[in-house]
């Protein structure tokens, strides 16, 4: 009697709108609107508000086995925020924590450049995004591997700078917005406001910087290999792109 085959691990698909709703909007609304004594109270509102991003982060980690450094640090960050509020520590610790988390990631990016697995390769130059084997074959054929490695190193430095930007902005926002004693209704409201403001002020610029780094990486690949972006996309992404293009063309020709 054969043992049943283990179930395949579910594929993680990015859900930015769900992430935005669960990690930013819902916690902010709870902290800003329901922290009064006539509603949840400051302690319960803090616990429930932070339970959403914490629970969602743990769900992602467990279900998709995404035990990467950044994901784990994100869960720890939310837990520390809750600890500062519940233990009624000085609000200055919140600013330090907000700055420390992206700073640690930025330092990790720099340290990883001295290892076999730089984080920029893990996040941007990997088989789920690009056809790495195809690119490396042409780089080797043209003798351009060393030059490309130099460009990857530059991309890593740029990548680290995005986290330095986040660290500074997080500290400034926390010190500017969260000024009340932790554990109070005002603290919760300010924490919710900071969470809401941090998205357009920090997340969007950081996202733009990430896109610019990927564009720099792609331009390097194009110059050193001669391939277009469509030609070096990961096979599964290329198949999806081709399927969408075929479907669009077919719809245009339908009467």
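Numbering (full-length UniProt numbering), first residue to last: 1 to 255.
Don't be surprised by glycine CBs; every beta carbon is placed ideally from N, CA and C.
In this structure, the CA atom of residue 78 is about 28 angstroms from the CA atom of residue 128. Burial check for residue 207: the Cβ neighbour count within 10 Å stays below 16, so the residue is exposed. Just so you know, the alpha carbons of residue 220 and residue 195 end up roughly 36 angstroms apart.
With a beta-carbon spacing of about 7 angstroms, residue 103 and residue 163 fall inside the 8 angstroms limit used to define contacts. Its chain contains 178 and 182 as the residues whose beta carbon lies nearer than 6 angstroms to that of residue 91, once the 5 sequence neighbours on both sides are disregarded; these appear in chain order. Residue burial is scored here from C-beta neighbours: residue 185 has at least 16 other C-beta atoms within 10 angstroms and is therefore classed as buried. In the three-state DSSP reduction, residue 130 falls in the strand class (E or B). The alpha-carbon separation between residue 229 and residue 218 amounts to approximately 7 angstroms.
Boundaries of the alpha helix (DSSP H) around residue 101: 92 to 112. The C-beta distance from residue 109 to residue 160 rounds to 4 angstroms, short enough to fall under 8 angstroms. Around the CB of residue 171, 16 or more other CB atoms lie within 10 Å, so the residue is classed as buried.
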